[in-house]
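The working numbering runs 39 ahead of the 1-based position in the sequence shown.
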Amino acid sequence: MKNFKRFMLAAAFAAATSVSLGAFQGAHAATAEDLNKEAAHALEKLYETNAVAKEIGEQAQAILVFPNIVKAGLVFGGAYGEGVLNEGGAMQRYYNSVTGSWGLQAGAQSYGYAVFLMNDKAVDYLKETAGWEIGVGPTVVVVDEGAAKNLSTSTLKEDAYAFIFDQKGLMAGVSIEGTKITEIKR
């Protein structure tokens, strides 16, 4: 029985690794120009479907947009995607978003997310750290549909607001808490 459990755990790990590696190839933009276009399109799409995101975007100091995060797992899982920092209306720097997970999970999913950096403190923290782990540093509020209804530009008090959008796939729940964001060269 012990050997069977070990075999099943090893098989699950191997399957999750192959699913994850195959899925993550789609989360990598070919060039900086491609990533800029994908991020601009994703932000435009978010604004079309979420008026609160558009209002917050108009108040933000900068917006970090990840147009395509791919998440996959079978017991062990992970998520990966590349994004761009839009500051002053121009694409400035490039980042990746990496998440690892373990638990009762199976499936694959893709989604995008945008982090609206509301003040200089949040923007500086992103630029000055070797990697920003969401949940550490500036306060980030993940905005779902229910929270968005109670949010307005006059009630904004946190350093950053994250919107998850364009979810596709068969994995239950999406969270960016614990995600590490690191600057990359493009």
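Idealized CB from N, CA, C, for every residue including glycine.
| query | result |
| --- | --- |
| Best match in E197, I108 and K160 for proximity to A118 [C-alpha to C-alpha] | I108 |
| Run of the beta strand (DSSP E) containing A129, from where it starts to where it stops | A129 to L156 |
| Collapsed DSSP secondary structure at G170 in the structure displayed | coil |
| contact_flag[the region 121-140, the region 87-95] where n(CB pairs < 8 Å) is 3 or more | no |
| Spatially closest choice to E77 from V137, L103, A169 and Q148, by CA coordinates | L103 |
| Exposed unless 16 or more other CB atoms sit within 10 angstroms - verdict on Q148 | buried |
| Length of the line joining the Cα atoms of V114 and G139 | 11 Å |
| CB of V162 within 8 Å of CB of Q100, strictly | yes |
| Entirely enclosed beta strand (DSSP E) segments - the region 64-89, minimum 3 residues | none |
| Alpha carbon of S191 to alpha carbon of D159, nearest angstrom | The pLDDT assigned to S191 is 43, lower than 50, so where the model puts this residue is not dependable; a value taken from the coordinates is nonetheless given after this. Between S191 and D159, the C-alpha separation is close to 20 Å. |
| For L103, the residue or residues it bridges with in DSSP | L124 and V154 |
| Span of the beta strand (DSSP E) around D205 | A199 to G208 |
| Contact check, Y152 vs I203, beta carbons under 8 Å | yes |
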